[in-house]
Every structure is written in C-alpha cells, then in structure tokens.
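*Asks:* My questions all concern the structure below.
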Amino acid sequence: MRRPAWPDGYLASLVLLAAAGLLLAAIGLFFDPRRALAGWLTVALFLLGLPLGAMTILMVHGLTRGRWGEALRPPLRAIVATLPLALLLLLPVLVPLHFVFPWAGTDPAMSPETVRQKFAYLNVPFFVIRFIVCAMIWMVLGWLILGWTAPDKDRGTASRPYAIGLIVHGLAVTVFAIDWMLSIEPDFISSIYAMLEAAAEAVGAFALALTVLAAGRAIETMPGGEDDTALGEDVANMLFGFMLIWAYLSFMQWLIIWAGDLPEEIHWYILRSQDGWQYLLWLLIALQFAVPFAGFLNRSAKRSHRGLLGLGAFVLAGHFTDVVWRIRPALSAAGAPVSWTDLAAVAGASGAWCALFLWTLSEPKRIAFWHGRQVRG
Numbered sequence: 000m001r002r003p004a005w006p007d008g009y010l011a012s013l014v015l016l017a018a019a020g021l022l023l024a025a026i027g028l029f030f031d032p033r034r035a036l037a038g039w040l041t042v043a044l045f046l047l048g049l050p051l052g053a054m055t056i057l058m059v060h061g062l063t064r065g066r067w068g069e070a071l072r073p074p075l076r077a078i079v080a081t082l083p084l085a086l087l088l089l090l091p092v093l094v095p096l097h098f099v100f101p102w103a104g105t106d107p108a109m110s111p112e113t114v115r116q117k118f119a120y121l122n123v124p125f126f127v128i129r130f131i132v133c134a135m136i137w138m139v140l141g142w143l144i145l146g147w148t149a150p151d152k153d154r155g156t157a158s159r160p161y162a163i164g165l166i167v168h169g170l171a172v173t174v175f176a177i178d179w180m181l182s183i184e185p186d187f188i189s190s191i192y193a194m195l196e197a198a199a200e201a202v203g204a205f206a207l208a209l210t211v212l213a214a215g216r217a218i219e220t221m222p223g224g225e226d227d228t229a230l231g232e233d234v235a236n237m238l239f240g241f242m243l244i245w246a247y248l249s250f251m252q253w254l255i256i257w258a259g260d261l262p263e264e265i266h267w268y269i270l271r272s273q274d275g276w277q278y279l280l281w282l283l284i285a286l287q288f289a290v291p292f293a294g295f296l297n298r299s300a301k302r303s304h305r306g307l308l309g310l311g312a313f314v315l316a317g318h319f320t321d322v323v324w325r326i327r328p329a330l331s332a333a334g335a336p337v338s339w340t341d342l343a344a345v346a347g348a349s350g351a352w353c354a355l356f357l358w359t360l361s362e363p364k365r366i367a368f369w370h371g372r373q374v375r376g
C-alpha cells in the first residue's frame, strides 16, 4: 500500500508554526486571558472532534464492514492516535473556567431562574469530574479500537464490542457536548445538539481521512464494493451520507426552535445571524452542504483524483467553519471579540496536532507509542 511521503520539512515547518503560535497564545493569555482562551477553546474543540469522530467511524465500520472502511483505516487510526494531545489542549481552559463559562464565575443569585435551576449540575467540581471521566472513557476506548483495528488483527472480530463501544462513546459525547459547548450559553436548551455534534465530528474525521487517502492512493481507479463502482465512489458516498445526517439534524434543530418561538432559544440563532457572523453562516452552508452536495451527485467528480481531494477539503473546511460558527459568537458577545489571538490559537494548537498526525501517519508502528504494541502495514 502506497502512502504519501511527507518530507521532513513538513514536520519541521509545522513544529515551527506550532512554537510560534504557542508563544503568541501565551502572550495573549497574559494580556487578555478571556480573549485568548475564547480562541483557544474553539480550536481545541475542533481538534478534539477529529479523533472522536474517527473513533465513531471505525466502530460503525466494525458493525457494518465494507471495503470503504478497509481503505480508510490507516488515516483514521492515525487520527485516533492524536487523542491524548487533543485532550491536553483543553487543559488551559479547564483551569480558569470562569473566563469562558459564565456560570463558573457568577453569583447564582444574580442569574436568571432558568440558569439557577442548572447550578446543581453546572458547578466547577462536578464539571471537572465529568471531564476526567469522559477523558478516561475515550482513552480506554481509543486504546481498544486501535487494538481491534490493527493491521495484523483478525477481521472476524465479533461486532458486540463495537456496539457496546459506540453506546458508551455516544453517552460520553453527549455529556461533553452539554458541558463544553451548550453551557457556554447556559440559558440555551437543545435536545438535538449532542447528536448534531456527534454527526459533525464524524463528518470532519471522514473528510480528513478522505483527503489524506486520496493524496496517497489512486482510489478513484481501485475497485469498490460493486463491479461498476470505484473505491473512491464508495468512500465519497459514505461521506455524503454522514454529511446528510449532519444537515438533517442542523435543520431539525432550527425548525424545532423556530416552531417553539421561545426567546432564550431564538437568541442562539439571532446572535449567530448578526455582527458579521451571518456571512460565516453562508460560508458554512456553501462549504459543508451546497458545493459538496453538487459534487457528491456528480459521478465523474467521485471518479476524479482532484474531485475527491476537493470534496474532502471542502467538507473539512466546512466542518471547521461549523465549529467556529457554533462556539465563537457567544464568546465574542461575552467580551472576547475575534482578534489576533484566534490566529495564534489556530497556529499553535493546529500546528502541534498536525505535526503529531503526520508523524504518526508516516509510520503506522508509531501508534505503539501509546497503544503498546508493534503493528505492521
């Protein structure tokens, strides 16, 4: 199996980018911690969503099988291997919670009644405990998934472990989405948000895996699951399915809130439809739905090397835009407007994550650095 050759210069450049970004982020944290942590949290949530989404896809494939998953397994395993770093990126936000989460530094007596009712759940000690539990669940689950999907592992593994893992993973993602995303605006309620986040994570991880796979292999000419279908078509169609799930859940959340017509819920969309954020919304719709939708319906695009690379890149960029649009406006409205510290966070956190990802992807046996077993292939 041919893999993309990542020159050492790529890694060196990413390390330098990460170092410069981390230095600037530290300077921003010293002068304006609220603004610096707002940008850092947004990027950290995006990066953590990639290994979480990769875990979801690997477990779904463990249940369904298929040639598409066999092809995507190497990049997905490399994405999962970045989980420890992605979790560590949240620690700078975890220590001074009150800079980002309004409930952490607010007198309960000064909060609205709808928010006061949540303080039994939204308190700092319980928040930290829940994060530690979720992190431990994901570390154990990631370790197990890397073992189940190792190249030298028998593919006849029973589907029950994947089913149990998917249920546990879903519960952890639900708790995490409520804590680290919804609680930024504690007066907002959405019963769909956790499912929406899980779908978005899968879309982002799948798009990245497709982009990496298409860059290293001519999947547009390899046989797929059917006689007249190329492997590139199978992979693109699976990403199309995940993208449609995300689009459906996004629309249903909007429709339910619009029909309910409750001020505290409508405010969530109003905030993201003004002060320039409406342009980001249109960009999101274009990148993660309109343009890819047309591409996925075009069979020639799915049989083209450039077409597959373009589809993966568009959807991945759309996923990043989605995370920014869902997280950043509330932090900006709370006194942390977008500034150079956001770019520093992107350079520092993303540079470090990409360096680890490419380092792991270039040699699969390096996954043993936290799984504890040598692999081949």
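Counting from 0, one number per residue, gives the positions in the sequence shown under numbering that gives the first Met the number 0. Note that the Cβ used here is the ideal one computed from N, Cα and C, for glycine as well.
Take residue 324 as the anchor and find which of 348, 275, 299, 189 has the nearest alpha-carbon.
*Replies:* Answer by Cα proximity: 275.
*Asks:* State the CB to CB distance for the pair residue 24 and residue 333, rounded to an integer number of angstroms; the pair is presumed to be in contact (CB under 8 angstroms).
*Replies:* Not confirmed; about 19 angstroms, so no contact.
*Asks:* If you draw a straight line from the C-alpha of residue 208 to the C-alpha of residue 290, how long is it?
*Replies:* The alpha-carbon atoms of residue 208 and residue 290 are separated by roughly 19 angstroms.
*Asks:* Report back the beta-carbon spacing between residue 176 and residue 193 to the nearest angstrom; my notes put them in contact at under 8 angstroms.
*Replies:* Yes, residue 176 and residue 193 are in contact; Cβ-Cβ is about 4 angstroms, under 8 angstroms.
*Asks:* Just confirm the distance between the C-beta atoms of residue 92 and residue 40, as a whole number of angstroms; I'd bet it's less than 8 angstroms.
*Replies:* Sure, about 5 angstroms apart at Cβ, within 8 angstroms.
*Asks:* DSSP on residue 119, reduced to helix/strand/coil?
*Replies:* The answer is coil: DSSP assigns residue 119 none of H, G, I, E or B.
*Asks:* Measuring straight from C-alpha to C-alpha, what distance separates residue 186 and residue 114?
*Replies:* Taking the straight line joining both Cα atoms gives about 6 angstroms.
*Asks:* Could you check what DSSP says for residue 80 in three-state terms: helix, strand or coil?
*Replies:* Note: residue 80 maps to coil in three-state DSSP.
*Asks:* For residue 319 and residue 173, what's the separation of their Cα atoms in angstroms?
*Replies:* For residue 319 and residue 173, the distance between alpha carbons rounds to 20 angstroms.
*Asks:* What residue ranges within the segment 284-372 form continuous alpha helix (DSSP H) runs of no fewer than 4 residues, ordered along the chain?
*Replies:* Complete alpha helix (DSSP H) runs here, min 4: 290-295, 298-301, 304-332, 339-344, 350-360, 367-370.
*Asks:* One question on the structure: do residue 128 and residue 198 come within less than 8 angstroms of each other, judged by their Cβ atoms?
*Replies:* No; because the gap between Cβ atoms is not below 8 angstroms, this pair is not in contact.
*Asks:* For residue 72 and residue 216, what's the separation of their Cα atoms in angstroms?
*Replies:* Rounded to whole angstroms, residue 72 to residue 216 spans 13 angstroms at the Cα level.
*Asks:* Cα separation between residue 240 and residue 195?
*Replies:* Going by the C-alpha atoms only, they are around 14 angstroms apart.
*Asks:* In terms of alpha-carbon separation, which member of 100, 51, 204 lies closest to residue 141?
*Replies:* Nearest option by C-alpha distance: 51.
*Asks:* Just the Cα atoms here: how many angstroms apart are residue 265 and residue 119?
*Replies:* If I take the Cα positions, the gap works out to 25 angstroms.
*Asks:* Straight-line CA distance for residue 345 to residue 229?
*Replies:* C-alpha separation (whole angstroms): 36 angstroms.
*Asks:* How is residue 94 classed by DSSP in three states: helix, strand or coil?
*Replies:* Three-state DSSP puts residue 94 in coil, outside helix and strand.
*Asks:* Within 10 angstroms of its Cβ, does residue 157 collect 16 or more other Cβ (buried), or is it exposed?
*Replies:* It is exposed - the Cβ of residue 157 has fewer than 16 other Cβ atoms within 10 Å.
*Asks:* Using DSSP with H/G/I as helix, E/B as strand and the rest coil, what is residue 149?
*Replies:* Of the three classes helix, strand and coil, the one that applies to residue 149 here is coil, per DSSP.
*Asks:* Tell me which same chain residues have a C-beta within less than 7 angstroms of the C-beta of residue 169, skipping the five on either side of it?
*Replies:* Closer than 7 angstroms at the Cβ level, and outside the excluded window around residue 169, lie 197.
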